[in-house]
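Residue numbers (the UniProt record's numbering): 1 to 505.
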């Protein structure tokens with residue numbers, strides 16, 4: 001299959017690929033959302049102005065975050081973080097065993113914890129890289145990076161990392177570059193990782209894939225799937241050979257081939273350079289690399305990858321020239337100033353691939369919008385009354401959102417707090433769903449009261465003792481109420497603590 005890939009790699013072919021990518025992006029990266037605006041009686045509100053503004057992409061646009069607190073002064077560290085946050089929603093944290101655990105049993109969790117805390121505060125998703133790697137940088141530091149870890153050491157490190165950072169680092173390069181450093185197979189480590197955190201996304205990352213398709217990697221992953229080895233995404237590095245501008249029709253062919261494994265595809269390390277060095281591959285772009293060639297090729301490469309339905313993440317490898325593993329490979333120069341490539345990607349991700357629109361509800365109270373998959377802030381306004389809601393437009397979901405817009409508090413429901421308006425975010429329960437529940441990270445006692453639209457209490461439940469610091473309140477609504485709109489009001493020690501709308505239908 002790989003040998004059948006025929007690539008022209010000329011200007012005409014690449015421009016055709018770029019044009020086709022624009023159409024694929026419309027198909028693969030956008031969906032239709034329906035917002036329904038209801039009045040206090042549950043009836044539709046037509047003529048409501050609804051502003052829809054995208055907050056973040058579901059697609060992961062990332063970079064390694066190796067420059068976090070790297071600089072000797074706070075001013076440059078602040079600039080680095082600001083540039084990172086302005087462009088990316090995804091970060092790769094370094095966990096190379098050689099430097100991470102110099103003393104056995106005392107890994108450098110402090111630096112990782114600082115990255116985790118900052119990324120969490122900014123809504124940036126994290127990947128850990130790598131857990132295991134069959135070369136000196138991946139050998140235990142407490143052995144002076146001199147030997148492979150034993151199977152027991154491998155298992156312990158996997159379990160520790162995935163347990164410590166469960167729900168904080170959700171994506172992992174478990175075994176790095178396994179077809180080049182085959183001393184650590186992927187099967188057992190992936191089983192251990194899945195056992196430690198079944199919700200984590202496990203990536204198999206390797207290089208030379210964009211150069212020659214790396215059939216050894218495809219075969220390894222195909223065999224792993226047949227044998228039931230848990231893995232979720234293939235990680236494709238895109239910087240070998242290091243001077244190559246991979247022809248874009250070839251790039252799409254590689255993505256198509258790995259898509260046949262029916263898993264996600266991540267571009268894990270992408271580093272076109274800006275320094276004056278010979279350019280190979282798509283030589284119509286120029287004989288040598290420079291900042292403008294870097295910017296144009298980066299934007300075109302991102303277009304092709306973003307357009308492909310299997311690709312869910314792209315990671316640039318090293319944000320700043322001053323610490324780039326390839327000279328001139330950063331998006332920022334050595335003074336942390338944006339290079340043309342940074343501006344080019346920022347325009348694509350934050351302007352071209354961004355949805356900000358206003359729609360008007362019809363007689364049914366409904367309004368449709370088409371947008372990139374991701375999170376949105378929605379503001380519904382009518383007659384001087386407005387309501388702000390957060391919604392998530394997700395691929396493969398119904399994407400029906402309801403906003404309840406009223407100028408008075410619900411009688412007897414007495415749900416104070418964020419004004420009198422209430423919104424729901426993906427809280428439509430139907431079909432085979434049976435329970436509405438809240439899980440609370442607290443040891444305190446809570447009460448959940450459920451009211452109908454007239455403020456009549458239809459159900460109440462007081463929580464029992466907390467289990468492992470969590471409380472769970474369940475409402476088996478289908479056994480107790482008819483279809484309609486209800487409010488779940490949460491009380492802590494008889495004081496208001498939160499509210500939610502539930503639609504039963």
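For every residue, glycine included, the Cβ atom is placed at its ideal position computed from N, Cα and C. These numbers were taken from a predicted model, which means no experiment stands behind them.
Helix, strand or coil for residue i? Go by DSSP, reduced to three states.
i           : result
residue 491 : strand
residue 346 : helix
residue 230 : coil
residue 376 : strand
residue 285 : helix
residue 400 : strand
residue 133 : strand
residue 25  : helix
residue 301 : helix
residue 13  : helix
residue 213 : coil
residue 161 : helix
residue 330 : coil
residue 72  : coil
residue 263 : coil
residue 173 : strand
Between residue i and residue j, what straight-line distance do the alpha-carbon atoms span, to the nearest angstrom?
i           : j           : result
residue 394 : residue 199 : 18 Å
residue 210 : residue 223 : 21 Å
residue 240 : residue 208 : 5 Å
residue 29  : residue 372 : 6 Å
residue 507 : residue 370 : Shown here, the chain extends from 1 to 505; a query on residue 507 therefore has no answer.
residue 75  : residue 323 : 17 Å
residue 38  : residue 378 : 14 Å
residue 11  : residue 282 : 8 Å
residue 273 : residue 330 : 7 Å
residue 414 : residue 402 : Note that residue 414 scores a pLDDT of 29, beneath 50, so its modelled location is shaky and nothing firm can be said.
residue 459 : residue 18  : 57 Å
residue 404 : residue 360 : 15 Å
residue 109 : residue 333 : 29 Å
residue 297 : residue 285 : 8 Å
residue 52  : residue 362 : 16 Å
residue 197 : residue 317 : 26 Å
residue 65  : residue 462 : 45 Å
residue 248 : residue 97  : 35 Å
residue 72  : residue 319 : 17 Å
residue 56  : residue 146 : 43 Å
residue 83  : residue 277 : 26 Å
residue 119 : residue 456 : 43 Å
residue 227 : residue 153 : 24 Å
residue 270 : residue 376 : 29 Å
residue 93  : residue 107 : 14 Å
residue 162 : residue 182 : 23 Å
residue 275 : residue 325 : 13 Å
residue 69  : residue 77  : 5 Å
residue 100 : residue 135 : 15 Å
Once the 5 residues before and after residue i are set aside, which same chain residues still bring their CB inside 6 Å of it?
i           : result
residue 173 : 129, 130, 203 and 205
residue 295 : 340, 341 and 344
residue 307 : 21, 24 and 25
residue 364 : 44
residue 155 : 192
residue 565 : As displayed, the chain neither begins before 1 nor continues past 505, which places residue 565 out of reach and without an answer.
residue 244 : 280 and 281
residue 33  : 369, 393 and 399
residue 194 : 230
residue 356 : 53
residue 236 : 209 and 267
Which same chain residues end up closer than 7 Å to residue i when comparing Cβ atoms and leaving out the 5 residues on each side of it in sequence?
i           : result
residue 225 : 261
residue 103 : 142
residue 190 : 174, 202, 229, 230 and 231
residue 79  : 336
residue 67  : 80, 319, 320 and 323
Taking 6 Å as the cut-off, does the CB of residue i come closer than this to any heavy atom belonging to the ligand ATP?
i          : result
residue 51 : This structure simply doesn't include the ligand ATP, nor any ligand for that matter.
Ignore the nearest five residues each way along the sequence and tell me which others in residue i's own chain have a CB closer than 8 Å to its CB.
i           : result
residue 232 : 201, 202, 203, 263 and 264
residue 122 : 85
residue 179 : 206, 214, 216, 217 and 220
residue 346 : 86, 87 and 338
residue 95  : 112, 128, 129, 130, 131 and 161
Among all the DSSP beta bridges, which residues are the ones paired with residue i?
i           : result
residue 359 : 50
residue 90  : 62 and 125
residue 392 : 375
residue 459 : 450
The segment 56 to 76 contacting the segment 313 to 326, beta-carbon criterion three pairs below 8 Å: Taking 8 Å as the limit for Cβ pairs, the verdict is that the segment 313 to 326 does touch the segment 56 to 76.
Given 8 Å, three or more beta-carbon pairs between the segment 80 to 88 and the segment 44 to 51: With the cut-off at 8 Å, the segment 80 to 88 and the segment 44 to 51 do not touch.
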